[in-house]
Amino acid sequence: MLQTGIVIFSVAGGKAQEKTDSIQLRQVSAIGVLEGGRAFTSNPASSIYHTLSGRLAGLYTLQITGQPGLDAPTVLLRGRVPLIVIDGIPRDLSGINPEQIASVTLLKDALSTAVYGNRGANGVLLITTKKGEKAAGYSFEATAQTGLSSSLKERKALSAGDYATLYNEALRNDGRQPIYSPEAIAAYKNGSDPFLYPNVNWKDQIFKKNAPFSRYNLNSEGADKNVNYFISLDYLKQEGLLKSLPQNTYNTNTDYERFVFRTNLEMQLTQRLKGSINLYSSIADQNSPGSTGNVIYNSLLNTPSSAYPLLNPDGSLGGNALFSNNIYGQSVYRGYTRNSTSDGFGDLALTRQMDDVWKGLWIKANISFYAKSLQLIDRSKNFQTFQLLIDPVTGQPSYQRYGTQTSQVNTSSVTNRNQQFFAEGSAGYGHEADGNKLDVVLAYNLQTYRSNSQLPQNFNTGRVSANYSIKDKYILEATAAYSGNNWYKKGKQYDFYPAAGLSWNMNKEDFFSKDGFLNTLKLRTTYGKVGMIDPLYYAYLYSYINTGSAYYFGTGPSAVQGTQEAGLPTSVAASKSTKFDAGLDMGFADNRAYVQADYFSNTYSDVLQIRGQASSLLGIAYPLENLGKTRLSGLEFTAGWKDKTGDFGYHISGNISVNRSKVLENDEPAMPYSWMAKKGQPMEQLYGYIADGYVQTAGEGPVVEGYKSQPGDIKYKDLNNDGVINQYDVTAIGGNKPLVYYGFSLGFDYKNFELSVLFQGITNRNLMVTGLGEWAFQNNGTGNAFEQHLERWSPETANTAAYPRLSVGPNVNNNVSSSYWIQKANFLRLKNAEIAYKLQTSFLQKIKVKQVRLFVNGANLLTFSKIKRFDPEGLSLDYPLQRMINGGLTVKF
Numbered sequence: 047m048l049q050t051g052i053v054i055f056s057v058a059g060g061k062a063q064e065k066t067d068s069i070q071l072r073q074v075s076a077i078g079v080l081e082g083g084r085a086f087t088s089n090p091a092s093s094i095y096h097t098l099s100g101r102l103a104g105l106y107t108l109q110i111t112g113q114p115g116l117d118a119p120t121v122l123l124r125g126r127v128p129l130i131v132i133d134g135i136p137r138d139l140s141g142i143n144p145e146q147i148a149s150v151t152l153l154k155d156a157l158s159t160a161v162y163g164n165r166g167a168n169g170v171l172l173i174t175t176k177k178g179e180k181a182a183g184y185s186f187e188a189t190a191q192t193g194l195s196s197s198l199k200e201r202k203a204l205s206a207g208d209y210a211t212l213y214n215e216a217l218r219n220d221g222r223q224p225i226y227s228p229e230a231i232a233a234y235k236n237g238s239d240p241f242l243y244p245n246v247n248w249k250d251q252i253f254k255k256n257a258p259f260s261r262y263n264l265n266s267e268g269a270d271k272n273v274n275y276f277i278s279l280d281y282l283k284q285e286g287l288l289k290s291l292p293q294n295t296y297n298t299n300t301d302y303e304r305f306v307f308r309t310n311l312e313m314q315l316t317q318r319l320k321g322s323i324n325l326y327s328s329i330a331d332q333n334s335p336g337s338t339g340n341v342i343y344n345s346l347l348n349t350p351s352s353a354y355p356l357l358n359p360d361g362s363l364g365g366n367a368l369f370s371n372n373i374y375g376q377s378v379y380r381g382y383t384r385n386s387t388s389d390g391f392g393d394l395a396l397t398r399q400m401d402d403v404w405k406g407l408w409i410k411a412n413i414s415f416y417a418k419s420l421q422l423i424d425r426s427k428n429f430q431t432f433q434l435l436i437d438p439v440t441g442q443p444s445y446q447r448y449g450t451q452t453s454q455v456n457t458s459s460v461t462n463r464n465q466q467f468f469a470e471g472s473a474g475y476g477h478e479a480d481g482n483k484l485d486v487v488l489a490y491n492l493q494t495y496r497s498n499s500q501l502p503q504n505f506n507t508g509r510v511s512a513n514y515s516i517k518d519k520y521i522l523e524a525t526a527a528y529s530g531n532n533w534y535k536k537g538k539q540y541d542f543y544p545a546a547g548l549s550w551n552m553n554k555e556d557f558f559s560k561d562g563f564l565n566t567l568k569l570r571t572t573y574g575k576v577g578m579i580d581p582l583y584y585a586y587l588y589s590y591i592n593t594g595s596a597y598y599f600g601t602g603p604s605a606v607q608g609t610q611e612a613g614l615p616t617s618v619a620a621s622k623s624t625k626f627d628a629g630l631d632m633g634f635a636d637n638r639a640y641v642q643a644d645y646f647s648n649t650y651s652d653v654l655q656i657r658g659q660a661s662s663l664l665g666i667a668y669p670l671e672n673l674g675k676t677r678l679s680g681l682e683f684t685a686g687w688k689d690k691t692g693d694f695g696y697h698i699s700g701n702i703s704v705n706r707s708k709v710l711e712n713d714e715p716a717m718p719y720s721w722m723a724k725k726g727q728p729m730e731q732l733y734g735y736i737a738d739g740y741v742q743t744a745g746e747g748p749v750v751e752g753y754k755s756q757p758g759d760i761k762y763k764d765l766n767n768d769g770v771i772n773q774y775d776v777t778a779i780g781g782n783k784p785l786v787y788y789g790f791s792l793g794f795d796y797k798n799f800e801l802s803v804l805f806q807g808i809t810n811r812n813l814m815v816t817g818l819g820e821w822a823f824q825n826n827g828t829g830n831a832f833e834q835h836l837e838r839w840s841p842e843t844a845n846t847a848a849y850p851r852l853s854v855g856p857n858v859n860n861n862v863s864s865s866y867w868i869q870k871a872n873f874l875r876l877k878n879a880e881i882a883y884k885l886q887t888s889f890l891q892k893i894k895v896k897q898v899r900l901f902v903n904g905a906n907l908l909t910f911s912k913i914k915r916f917d918p919e920g921l922s923l924d925y926p927l928q929r930m931i932n933g934g935l936t937v938k939f
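Offset between the sequence shown (1-based) and this note's numbering: plus 46.
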C-alpha cells in the first residue's frame, strides 16, 4: 500500500505518533490532525462539529442556533464548506459521536484533495473511526454524564412603560399625535391593571432558566492475532428551554433524543487476505411545539411587552387584532410535531497482498450502502385568543375572539428518503531499494445518491497517485484524477484534476546537526487543480411551472391550466480551484515542541453566477453560468509544546489563520464611479452608504434622495457631490482587513488530576446588524423596541446618541444599509474546559475495574466581546446559543 509514514504533530492533549495512510500523500501535503480522546469527549455538546472549534489551523465554525438537534455549526475550511469523508467514504457526519473517533484530519491543498476530483476544491474533513488497538487486549468502558444548559446573552426588550414612552416620542418625531396617555404609561409602569395595561416579560414566560441533558455511552474494543474490533452504543437526550403545561399529555418542548450504534471489525482472513466490516445505525427524534422554535423566537423579537396579557381574567389566552397569535399559546397550546430520522450503513472491504504474484503489489475492493429516512409526525392544532373589552358606560367586561380553535391533527408522512451506494476498486505497488522508495496507487470509485424527490446523482472518479522518496530527504509526490457527475450535460460532465508536490527533509542531510535543539526541519510545496460540483439539478434541461391561471377553449366548461418557462437552460460545468501551498514544519527539543506554517493561494474559476451585463429585453431571468473568478489566500500557523517532569505533565498549543479573499471577475457592467465596483473587493465585503453623523437641523443633508430630513436622522457622504444620496453613493463599507481566527489550548496533569481549557476567537469580523431586533417599531409600527433604543438621538443626547431618532415603521433614510449599522463582531470565547480525577485503587482492581474517572466540563463558558447586547456569534436572532455545564464518570474494565 502507499504507506508514507511521517511524524504528525498532534494538538495538545493528543499523542504525537507515526501515521500512515493509503490514499493521502502526507509527506508533502498541508494537513492538520486532531487525534481522538479527551479532545473530543471533553465537550458536552451533541454535535461533533463543536469539538473542532479552535483546535485546527484553517478550520472555523459558526453557530447560529442553539436549538437541540439543530445546533450543529457551519464548518468552514479556509473559507469554504469542506467535503466530509468518514473512513474513506463521503457521507454525512451528523450522527457520529465523539467516542467513535480515532482522528480528524484536514486535507487543505491540491495534492491531498485532487484524489476527490470534482468534490475536493473546498478541502476535505477526513474522519477515521476506531478499529480496536492491537496492543489494547480487550477492554470495556462505560460513561454516564448529565448537566444543564442555559442561554447565552440575548437581546433585552423594553418594559411596557419604556416602550410606550419611546413610541410616543417616535410619533412626535414623525409629526403625529402620541397614542399613549400619561395615565396609561403610569399604569404600564406600576402594574395596577395587568390585563388592560400588561407588562409581560415574554422571554421569562416562555423560556426556563436552564434545561437538563444526559448522555450514556458503552464502548468495547479488543484484538488478538487475527481479529480486532470496536463496538459503541450511545444514547443522548437534550431537553429544550421552553416551558410546558403539566396538564398536557404530550411533549411541546424542543427536545432532542438520539440512539447510535456502531461496530467496526477487522479480520486477518488468511496470511495475505484481510477483511473489514463497519456497521452503523442511528435513530433520532426532534420534537417541537406546533409552532417551531424559531417561529416562537421570531415572535418574541416582534412582540412588545405591552401587546396583550399572557392570560385574561377568565383564564383565556390574551390577544387582539394586531397580535392574535399569543406567544405562550404558540408554545404550549399548538400541539407538537416530531421529526424522526433513522439512518444506517454497512461497509465491506477486502485487501489482498499480492506478493505471491509480484512483491509489493496489493489489491483492494470495498463497497458501502447507506439509507436514511425522515418521517414527520404532525400533532399540531390551532387555538383562540381573546381581547378583554370594558364597556365605558356599564364597566362590564366582554371578550373579542380571534382565530379558530381546532382539534389536533393526526398525520404521519415520510418526507425524505434517500440512499447512497459506494464502490471502489484499487491496486497499488510499493518498492524500496538502497533507501529509495516508490509507491503507486490506482483506483476507481462510483458513488450514487438516490432520493424520493430527485433523479439519481452519480459521481465517478478514477485516479492515480505516486510517491517517490530519495532516502527520506527529497520527496516527489503526484496525483491525478478524472472525475465526473451525471447532472451536467454530456461534454461537461468530466474533467481532469492533476496535482504535484515536493518536500525536503533538511534534518536528514549530513550537514544538519543531530544534537541541536532543532530536530525536524521540512520544506514543502504543492500545486494543482481541483473541482467543485455545484448543486444544479439537470440545469441544461428546460423546466416549466404552472402559471396559476386557467384558460377556456371553445364552449365547454372545462379550463386548461397554463404553463410557462421556469428558467432558461444553462450548460454549466464544475467550478475549478487552482491551489498553491508552501509550508514549513519544525520540531524542537526532541520533538516536544513543534511549529507548522503555511501560505496558500486558491484561485476559483468558472464560479457560478448570474450574468452581470444582462439585458431586460429577454423577459426572463438569466441562468447561472460559469462566469466568476475569485481568490482565497492566507497564512496559517500552529505551534505547541508538550512535556512531563516527574508526576507533572503539561501541554500548550495554539493556531492562527489569516484569510483574505478577492473578487477577480464577476461580469459586472462598467460602473460610472470606481467606488461602486465590486471587482477587486473581498468576497464577503459589505456595501452601503457611508454614515457621516446626524442631521442637526431640519432639511439638512445629504440624505437619501427624496427624503425630507429631521434632526437626528443619519447623514451620509455624498461621494459624487451631486447633492443627493442614491445608488451612486453605494460603496464598500466592510473594510479590507483579512479575517483572522484562532484558538489556543493548555492543560496539565498531576498524578491523578487533569485540567484542560480551550479558547476560540475571531477578529476583523464585520457584520451588518439590521432589521428585526435592531431597528425599533418594525412591521409597520407594531414591532418591538429594545434596550439600545434608550440611547436614541434626542436634542438632549445629540452628542452622545448611539441610535438615530426614533420613527414608527420603516424610515427610508435611516433603515438602509450603511456603515452606521456595522458592528465589529470580534470575540474570544472560553469554548471548553474540563477538570478530572482518576481513581485507581486496590479495591477497584479486586472487582476488575481498571479505572474510574470523575470529570466536570463545560462549553461556551465565557465570552469576551465589545458587543454586550447579544451573543456576537449567533446574534440572538434565533433560538439562543447554549452554555453547558456537565459532570459524569467513566468506568474502565
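Note that the Cβ used here is the ideal one computed from N, Cα and C, for glycine as well.
What are the residues that DSSP puts in a beta bridge with residue i?
| i | result |
| --- | --- |
| residue 306 | 280 and 328 |
| residue 5 | Residue numbering for the chain in the displayed model covers 47 to 939; residue 5 lies beyond these limits and cannot be assessed. |
| residue 433 | 446 |
| residue 647 | 626 and 679 |
| residue 475 | 407 and 486 |
| residue 425 | 382 |
| residue 393 | 324 and 414 |
| residue 609 | 592 |
Among the options, whose alpha-carbon lies nearest the alpha-carbon of residue i?
| i | options | result |
| --- | --- | --- |
| residue 416 | 340, 406, 496 and 240 | 496 |
| residue 433 | 643, 350, 368 and 854 | 368 |
| residue 593 | 585, 843 and 612 | 612 |
| residue 75 | 82, 124, 84 and 158 | 158 |
| residue 204 | 589, 762, 881 and 834 | 834 |
| residue 708 | 154, 798 and 781 | 781 |
| residue 855 | 219, 376, 256 and 396 | 219 |
| residue 460 | 477, 225 and 418 | 418 |
What are the start and end residues of the beta strand (DSSP E) that includes residue i?
| i | result |
| --- | --- |
| residue 218 | Premise fails: residue 218 lies in the alpha helix (DSSP H), 206–219, not in any beta strand (DSSP E). |
| residue 190 | 184–197 |
| residue 527 | 520–531 |
| residue 812 | 812–814 |
| residue 574 | 564–578 |
| residue 351 | Per DSSP, residue 351 belongs to no beta strand (DSSP E) and is neither H nor E. |
What residue does the alpha helix (DSSP H) around residue i start on, and which one ends it?
| i | result |
| --- | --- |
| residue 95 | 95–98 |
| residue 443 | Segment 443–448 is the beta strand (DSSP E) holding residue 443; no alpha helix (DSSP H) there. |
| residue 939 | Careful: residue 939 lies outside any alpha helix (DSSP H) and carries neither H nor E. |
| residue 145 | Where residue 145 is concerned, there is no enclosing alpha helix (DSSP H), given that its DSSP letter is neither H nor E. |
| residue 87 | 84–87 |
| residue 549 | Unbroken run through residue 549 is the beta strand (DSSP E), 540–551; no alpha helix (DSSP H). |
| residue 340 | 339–348 |
Apply the 10 Å Cβ neighbour rule to residue i and answer buried if 16 or more other Cβ atoms are within range, or exposed otherwise.
| i | result |
| --- | --- |
| residue 730 | exposed |
| residue 790 | buried |
| residue 632 | buried |
| residue 436 | exposed |
| residue 184 | exposed |
| residue 867 | buried |
| residue 799 | exposed |
| residue 51 | Unreliable positioning characterises residue 51 in this predicted model, as indicated by a pLDDT of 27, which lies under 50. A coordinate reading is not provided. |
| residue 478 | exposed |
| residue 69 | Bear in mind that the predicted position of residue 69 carries a pLDDT of just 31, short of 50, making it unreliable; the figure below should be weighed with that in mind. Buried: at least 16 other Cβ atoms inside 10 Å. |
| residue 67 | Low local confidence applies: a pLDDT of 33 at residue 67 is under 50, so the model's placement there is unreliable, with the coordinate-based value given in what follows. The residue in question, residue 67, is buried, as its Cβ has 16 or more Cβ neighbours within 10 Å. |
Could you round the C-beta distance between residue i and residue j to whole angstroms and report it? I think they count as a contact, below 8 Å.
| i | j | result |
| --- | --- | --- |
| residue 193 | residue 931 | 5 Å |
| residue 191 | residue 904 | That belief does not hold up - the Cβ atoms of residue 191 and residue 904 are roughly 12 Å apart, past 8 Å. |
| residue 452 | residue 372 | About 15 Å separates the two Cβ atoms, so there is no contact after all. |
| residue 547 | residue 523 | 5 Å |
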